[in-house]
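Colleague: Quick one: this structure, given as structure tokens, is what I'll be asking you about.
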Amino acid sequence: MFKVLPIIDWDNRTVYQYLQKHGLKYHPLWDQGYLSVGDTHTTRKWEPGMAKEETRFFGLKRECGLHEG
3 MFKVLPIIDW DNRTVYQYLQ KHGLKYHPLW DQGYLSVGDT HTTRKWEPGM
53 AKEETRFFGL KRECGLHEG
């Protein structure tokens with residue numbers, strides 16, 4: 003079994019261009035500083051000086067002990 007993830011390597015610019023091209027709206031939390039939306043315990047707003055990876059899972063490479071990074 004394998005997964006096909008056709009947009010896994012898209013960056014924010016590519017996503018934005020796709021949304022604009024197809025007349026789609028982006029999530030309103032983006033304007034509030036959320037680069038990624040997950041659960042309330044592990045999602046943080048981006049703040050100046052933070053790496054984007056720090057906004058999810060406290061900067062860890064994996065979510066929890068159940069998933070491998």
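Residues 3 to 71 (the numbering used here) are what the sequence shown spells out, left to right. Glycine included, C-beta positions come from ideal geometry on N, C-alpha and C.
(1) What does T57 pair with, by DSSP beta-bridge criteria?
(2) Would L37 and Y28 be called neighbours here (beta carbons separated by less than 8 angstroms)?
(3) Can you give the Cα-Cα distance for F4 and W12, rounded to whole angstroms?
(4) Is the CB-CB distance between G156 and R58 below 8 angstroms?
(5) Once DSSP output is grouped into helix, strand and coil, what is the label at R16?
(6) Please name the residue, chosen from Y18, H43, D33, that lies closest to L26 on a Cα-to-Cα basis.
Modeller: Judging by the given coordinates:
(1) Answer by DSSP bridge pairing: none, since T57 is not bridged.
(2) no
(3) 20 angstroms
(4) Residue 156 lies beyond the stretch modelled for the chain, which goes from 3 to 71, so this question has no answer here.
(5) Before going on, a small fix: residue 16 reads as Thr here, not Arg. Helix.
(6) Y18
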